[in-house]
Amino acid sequence: MSEQDDQIFLKRFSLIIAGLAIFAVLIVGLAMTMNDRLAVSESTASGPATLERIKPVFAVYAGETGRAAAMAAAEEAAASGGGQQVAFDGSTDGEMIYNNVCQACHMAGAAGAPQLVAAQWEERLPQGEDTLVQHAINGIGAMPAKGGRSDLTDEQVRASVEYMLAEIE
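Numbering (the numbering used here), first residue to last: 716 to 884.
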């Protein structure tokens, strides 16, 4: 191939590239023009339906920020006049409450939650049952108040703590 053939190739290749670039600009311009002409019709039902689909299933309150959010939610519920329902129909069956609420973290030791193994409770047991119950009611460390279940009564929390203490001894 000669230098003249190379120049012819580069000239044709440049023209093809320039033509493709112009074609792309024309297509984008046409698409934008067509998009501007289309009327957007928003359904009046789509807004609430979208909000319903994306709303959280439940809230997890952990740490100091979580306690503040939980308190605000409780105050809001009290202000709205809606009586708060009690979990598990008010049952004080500690084992049932543990299995349905506490076990989620204490079985796996999530976020430092002590499992029902005596060695993991050595530092906690000397604090006494009443202190442990207060920690469970008010939350401590990563554990939210009442294990994140604000619908539990203090008696239900006490029953679950008593069950857990009986299981580790």
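Backbone N, C-alpha and C fix where the C-beta goes; we use that ideal spot for every residue, glycine too.
Predicted, not measured: the structure shown is a model, and the values here were computed from it.
Query	Result
CA nearest to the CA of Gly824, picked from Leu753, Gln835, Asn815	Gln835
DSSP beta-bridge partners of Met858	Ile855
Residue burial classification, Lys726 (beta-carbon count within 10 angstroms, cutoff 16)	exposed
Beta-carbon gap between Val848 and Val876 smaller than 8 Å	yes
Span separating the alpha-carbon of Arg752 from that of Asn815	56 Å
As assigned by DSSP and simplified to three states, the class of Gly827	helix
Minimum C-alpha distance to Glu810 - residue among Val872, Gly863, Tyr878, Ala746	Tyr878
Cβ neighbour criterion (16 or more within 10 Å) applied to Gln842	exposed
Distance between beta carbons of Ala802 and Arg864, contact taken as under 8 Å	6 Å
Contact under 8 Å by Cβ, Asp866 with Gln818	no
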